[in-house]
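One gets this note's numbering by counting positions in the sequence shown from 1 and adding 223 to each.
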Amino acid sequence: ALKNLSDYSTVSNIIEPLFNMRTGALREIQVAAGPETPFGSILATPKLKSDGGGLLLRSDRNDCERIEGQHGCVPGSLGADTSEWYIEAFGVGKMWNYVPPKAVWSGPNFVRNSPFEAVCEELCWEPSFTFVARAERSGGPKAVVSGLPPAYGSNNASSVLYQLTGFPMLETVLVRSVISAGVMQEVVKKAEMLSQGQAILCTSNGDVIAAADMADGVKVIEDSGNIRVAKVWEASPSWASAATKDLVSNAAVGVSVLAGEYTVTARKLEGPSGDAMNIGPSLRLVLATPLISFMDPLLYQLQPVSIAASATLPAVMVIAMVAALLMKGRIGRLVQKGKQAIPTPSTARIKQGMRFGRGDNKNLDLDRDGNAVIVTGSKTRVWSRFNKLRPRFKSQKSLMISDPRPESMRVSTAMEWNIKDQDS
Numbered sequence: 224a225l226k227n228l229s230d231y232s233t234v235s236n237i238i239e240p241l242f243n244m245r246t247g248a249l250r251e252i253q254v255a256a257g258p259e260t261p262f263g264s265i266l267a268t269p270k271l272k273s274d275g276g277g278l279l280l281r282s283d284r285n286d287c288e289r290i291e292g293q294h295g296c297v298p299g300s301l302g303a304d305t306s307e308w309y310i311e312a313f314g315v316g317k318m319w320n321y322v323p324p325k326a327v328w329s330g331p332n333f334v335r336n337s338p339f340e341a342v343c344e345e346l347c348w349e350p351s352f353t354f355v356a357r358a359e360r361s362g363g364p365k366a367v368v369s370g371l372p373p374a375y376g377s378n379n380a381s382s383v384l385y386q387l388t389g390f391p392m393l394e395t396v397l398v399r400s401v402i403s404a405g406v407m408q409e410v411v412k413k414a415e416m417l418s419q420g421q422a423i424l425c426t427s428n429g430d431v432i433a434a435a436d437m438a439d440g441v442k443v444i445e446d447s448g449n450i451r452v453a454k455v456w457e458a459s460p461s462w463a464s465a466a467t468k469d470l471v472s473n474a475a476v477g478v479s480v481l482a483g484e485y486t487v488t489a490r491k492l493e494g495p496s497g498d499a500m501n502i503g504p505s506l507r508l509v510l511a512t513p514l515i516s517f518m519d520p521l522l523y524q525l526q527p528v529s530i531a532a533s534a535t536l537p538a539v540m541v542i543a544m545v546a547a548l549l550m551k552g553r554i555g556r557l558v559q560k561g562k563q564a565i566p567t568p569s570t571a572r573i574k575q576g577m578r579f580g581r582g583d584n585k586n587l588d589l590d591r592d593g594n595a596v597i598v599t600g601s602k603t604r605v606w607s608r609f610n611k612l613r614p615r616f617k618s619q620k621s622l623m624i625s626d627p628r629p630e631s632m633r634v635s636t637a638m639e640w641n642i643k644d645q646d647s
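What follows is the structure, encoded as structure tokens:
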């Protein structure tokens, strides 16, 4: 058990597993005792992997030289007792009826993400969020020191320990954990994946903590060139201005605003039941969901099919009408062309000496269907300008038409036929 902060070995054993479990998430942990023990605080940060990993402890306490294996003393003060989180958590200078909270979130703030690099004093900063909680000694048997006079009984265990070691027994310690906003980005990415939209994580007063693009989390002050934490309504997405202060602060269920193609809502980021961090009242997840995302997934998949099915009948009707008009125009042009090229059936012997078939010169007539007819004695040759065989009737007798030539000698555009008269 940790009885005082000067037990640096125990402090290290308690804190180091936390960094191992939260690699990349925890940036630093600071432990400070109450105002009754003005001995400073302890700051723990992870070492670089190139240095073998592990934990780096630094302190501004009077006995910082007790830290084993490293130079643990800082040249100045860590300033825990003058910081706002310390004053609020212990109620320093507050009214008599002030009740300090057991846990509180603060920030976002900028911290150095590479504190061991000299150049990073000005360049390597990242947004972070701070969780401050009080740890109180409770439960277990009270400390009893044996072999002492009765005046130093169990009721005065703290004073006895102080006289023996110079360190008072801890009743309450304050723990400040700095969490990188990078780990909060995983929450944002998960929300965007589930909603198929965009998300920004912020505090209840609108300070941006994490976004898919962390450039949305900072705002440049034009006058000085300094940067500060941006408000969610100052972020770069087009829908961000719709996330008003009241919308973010209230985070009312079912309340949303329209911003172009998005529906913007604000929700409390509530943890599981009994969450010790109790971050729900402090954090907000602002979601911008595309309007189409509110459609039922099955209906959304059937939407193109239903549109295609409903459009099929009108499309077919339109195509049929267009085709009919085109055919009508084409047939009309063919009729006009045919009238100009072919004389009427009443015109006999319109052309003499036309080469046809095997090259014989024949007399050419037109029948009532517009077919060219060549008459040579008992043989009648018929050529259809539609490349179709049309039987010719003469004197109540049907004509049996056949082509006696080999297939290789037949011509598709001008066909020669032998016609024999047959009795009906």
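Where a beta carbon is used, it is the ideal one built from N, C-alpha and C, also for glycine.
Each residue's CA atom was taken as its position, placing S403 and G477 some 31 Å apart. In this chain, A422 is not harboured by any alpha helix (DSSP H); it is covered by the beta strand (DSSP E) spanning Q421 to T426. Of the candidates T260, L280 and F262, the residue whose Cα lies closest to the Cα of T268 is L280. When the five nearest sequence neighbours on each side are left out, the beta carbons in the same chain lying within less than 6 Å of the beta carbon of S459 are those of D439, in order along the chain. Annotated as proximal: V471 and G429, with beta-carbon spacing under 7 Å.
Distances from the alpha-carbon of R490 to those of C425, S306 and T233 put C425 closest. In the structure shown, T395 adopts extended strand secondary structure according to DSSP, grouped into three states. Put simply, of A256, A511, N332 and L249 the residue whose alpha carbon is nearest the alpha carbon of D230 is A256. Sorting R507, L278 and V396 by C-alpha distance to the C-alpha of L249 places L278 at the top.
Closest in C-alpha terms to K325, from the list T395, K412, E349 and K317, comes T395.
Runs of alpha helix (DSSP H) with 4 or more residues, each lying fully within the region 251–318, are found at 307–313, listed in chain order. Per the coordinates, the alpha-carbon of E409 lies some 54 Å from the alpha-carbon of M540.
Excluding sequence positions up to five before and after Q253, its CB lies within less than 6 Å of the CB of S264, L266 and R399, all in the same chain and listed in chain order. Per DSSP, the unbroken alpha helix (DSSP H) holding L470 starts and ends at K468 to N473. Put simply, of W319, V443, R451 and G483 the residue whose alpha carbon is nearest the alpha carbon of V334 is R451. Of I444, T512 and R357, the smallest CA-CA separation from V322 is found for R357. CA-to-CA, the gap between F242 and E484 works out to about 42 Å. Excluding the 5 residues flanking it on each side, S232 has same chain C-beta neighbours closer than 8 Å at E291, in chain order. Of all alpha-carbon atoms in V315, V509, T353 and F313, the one lying nearest the alpha-carbon of N332 is that of T353. Beta-carbon to beta-carbon, E307 and V327 are separated by about 10 Å, too far to satisfy the 8 Å threshold. Residue pairing by DSSP places L249 opposite I402 in a beta bridge. Residue pairing for E359: DSSP places it in a beta bridge opposite T395. When rounded, the separation of the alpha-carbon atoms in A511 and E359 is 42 Å. S461 is classed as exposed because its beta carbon has fewer than 16 other beta carbons within 10 Å across all chains shown. Beta-bridge analysis with DSSP links T512 to T486. At least 7 Å separates the beta-carbon of V443 from that of A453. The three-state reading of DSSP puts L492 in coil, since its state is none of H, G, I, E or B. The region 424–459 is shown to contain whole beta strand (DSSP E) runs of 3 or more residues at 431–434, 441–443 and 450–452, in chain order. By the criterion of a C-beta distance shorter than 7 Å, K412 is surrounded in its chain by A435, once the five residues flanking it on both sides are discounted. When the beta-carbon positions are compared, R289 and F262 stay at least 7 Å from each other. L481 carries a strand assignment under DSSP once its states are collapsed to helix, strand and coil.
Beta-carbon to beta-carbon, V406 and G247 are separated by about 7 Å, close enough to satisfy the 8 Å threshold.
In chain order, V455, W456, V487, A489 and V509 place their CB closer than 7 Å to the CB of A466, counting only its own chain and leaving out the 5 sequence neighbours on each side. S479 and P513 have their C-alpha atoms some 12 Å from each other.
The Cβ atoms of S300 and S427 do not sit closer than 7 Å to each other. Between S447 and G314, the alpha-carbon positions lie close to 35 Å from each other.
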